[in-house]
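Novice: In our numbering, the protein residues as written are 32 to 342.
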Ligand code: UT7
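1) Can you list, in chain order, the residues of its chain whose CB lies under 8 Å from that of residue 45, leaving out five sequence neighbours each side?
2) Roughly how many angstroms lie between the CA atoms of residue 150 and residue 98, to the nearest whole one?
3) Touching or not, the region 259–266 and the region 276–286, by the rule of three or more beta carbon pairs under 8 Å?
4) Quick one: which unbroken beta strand (DSSP E) runs of 3-plus residues sit fully inside the region 174–239? Chain order, please.
5) Could you have a look at residue 52 and say whether DSSP puts it in helix, strand or coil?
6) Which residues does DSSP pair with residue 324 in a beta bridge?
7) Quick one: using the 10 Å Cβ neighbour count with 16 as the cut-off for buried, is residue 233 buried or exposed?
8) Is residue 273 near the ligand UT7 - that is, is its Cβ less than 7 Å away from at least one heavy atom of it?
9) Residues in the same chain with beta-carbon distance under 6 Å from residue 211, minus the five sequence neighbours each way, listed in chain order, please.
10) May I ask you to report which of helix, strand or coil DSSP gives residue 93?
11) Please go through the same chain and pick out, in chain order, the residues whose beta-carbon is closer than 8 Å to the beta-carbon of residue 103, but skip the five residues on each side of it.
12) Spatial neighbours of residue 178 within its chain, please: C-beta separation below 8 Å, excluding the five flanking residues on both sides.
13) Quick check: is any heavy atom of the ligand UT7 less than 7 Å from the C-beta of residue 306?
14) Looking at residue 173: is its Cβ nearer than 8 Å to the Cβ of residue 207?
15) Can you give me the C-alpha to C-alpha distance between residue 114 and residue 320, rounded to a whole angstrom?
16) How many Å lie between residue 62 and residue 318 at the Cα?
17) Is residue 61 close to the ligand UT7? I mean its beta-carbon at under 7 Å from any heavy atom of the ligand.
18) Between the beta-carbon of residue 33 and the beta-carbon of residue 158, is there less than 8 Å?
19) Cutting at 6 Å between CB atoms, please list the residues of its own chain near residue 231, excluding the five before and the five after it.
20) Which partner residues does residue 43 have in the DSSP bridge list?
21) Going by Cα to Cα distance, which pick from 201, 69, 59 and 331 is closest to residue 217?
22) Would you mind reading off the limits of the beta strand (DSSP E) that contains residue 404?
23) Can you tell me which of the three DSSP states residue 249 falls into?
24) Could you tell me the boundaries of the alpha helix (DSSP H) in which residue 108 lies?
25) Helix or strand or just coil, what does DSSP make of residue 35?
26) Of the choices 68, 323, 95 and 142, whose alpha-carbon is the least far from that of residue 339?
27) Cβ of residue 180 versus every heavy atom of the ligand UT7: is any distance shorter than 7 Å?
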C-alpha cells in the first residue's frame, strides 16, 4: 500500500467583503452579537456572475501548479459541494472541461461541511491501492445563493469560497495516517436546504462540540498517537466556540489551532482547505508536522484526518 498525501494545495476567496456592520444595515442584528456568538467579523460573497464551478476552477488551477503537475496528469476529480451550478452536469465535470483534464473521471460529493474530509478520504483509497496517481479534491461553496437574507439565524454565518488539493503518493510515514468518517441521518432535520438553508442552531451546536472532539481523539488513537503529538488542528470553521471546544479537548494552546472564521465565516466544504492554505502561507506548518483536520455538517455528517505534512 502506498501512502496518500497532499502534493499541492490552493484557495480562492471572492474579492467582495461583507462586514457585520454591512449586515446591521439590512437585518436586525449587531456586530457585537455576531462576534461574541460566532467569532465572525466579515465574510466573502461571490458576484452573481461567479458561480461555484468558476471558484472551483480558480482554486484548482493553482493547486495543480502547486503540485508541479498538469491537468492532464489528473486521474480523478472530486468536488465536494452542496451548492453546485446545477444538479448536472456536476461541478466536477464542468471543472474537468475547463481544466482540460482529459483523462480524469469526475464526480461531485455531497456531504455538506464535511465534504472536503469525505473527498480526501475517498481520494486516499484510490491512491493507496495504486489505482490512481493524482486525484484533485475541491471543497467549494456559493452559500450566498441558498441563504435567506431575511433570516438572521443563518444569514450572518455563511460565506463563499473554494479550496483545492492534489492528492497523490507520498513517502511512507507521511500523508494521511488515519481517518474517521461518519453520518447520522436521524439528525438531518436540524440542518437542511429547502429553498434556503434552515437550521436548528442549538442542536447543531451540541452535535458539533461532541463530534469534533471525539473524531479528533479517534483519529489520533487509530494512528497510535496522542494529543501531545499534535502540531496543528484545522477544524471546520463554523463557530469559534465550537472550534475552541475541540481545541480544549485536545489540550492545545491557541496558536496551534487554525482560525479563519473571523475573515471568511462558514464556507462549508471550503473551510478546511482554505484554512490549511492560510497556515501554509503564514509559514506555520513545517515538514513532518502532525495535523488533525476535522469537520462536521448537515446530514448529519462528519470526518476527520490525522495527516503527517510533507511528501
Ligand atoms: O457548518 C455547520 C453549520 N452550522 C453551525 O455550525 C451552527 C451551529 N450553531 C451555532 O453556531 C449557534 O447555535 C448559533 C451561532 C447559530 C446561535 O448561537 P446560540 O448561542 O446558540 O444562540 P441561540 O440560538 O440560543 O439564540 C440566542 C438569541 C435568540 O433570541 P431569543 O430567542 O433568546 O430572544 C435569537 O433569536 O439570539 C437571537 N439571534 C440573533 N440576534 C442577533 C439569532 N441570530 C441572531 C443574530 N443577531 N444574527
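The beta carbon of each residue, even a glycine, is placed where N, CA and C say it ideally should be.
Keep in mind the model is a prediction, meaning the values are calculated, not measured.
Specialist: The relevant details are as follows:
1) 75, 76, 77, 78, 81, 86, 191 and 192
2) Just so you know, the alpha carbons of residue 150 and residue 98 end up roughly 18 Å apart.
3) yes
4) 191–201, 206–214, 222–224 and 228–230
5) helix
6) Its beta-bridge partners are 265 and 336.
7) exposed
8) yes
9) 246, 249, 250 and 335
10) helix
11) 131, 132, 133 and 134
12) Cβ-Cβ distances below 8 Å link residue 178 to 185, 186, 189, 227 and 228 in the same chain, with the five nearest sequence neighbours on each side left out; the list follows chain order.
13) no
14) no
15) 33 Å
16) 39 Å
17) Yes, since a heavy atom of the ligand UT7 falls inside the 7 Å radius drawn around the Cβ of residue 61.
18) yes
19) 221
20) 193
21) Comparing Cα-Cα distances from residue 217 to each of 201, 69, 59 and 331, the minimum goes to 331.
22) Since the first and last residues shown for the chain are 32 and 342, residue 404 lies out of range.
23) helix
24) That residue, residue 108, is in no alpha helix (DSSP H); its beta strand (DSSP E) goes 107–111.
25) strand
26) Closest option to residue 339, Cα to Cα, is 323.
27) no
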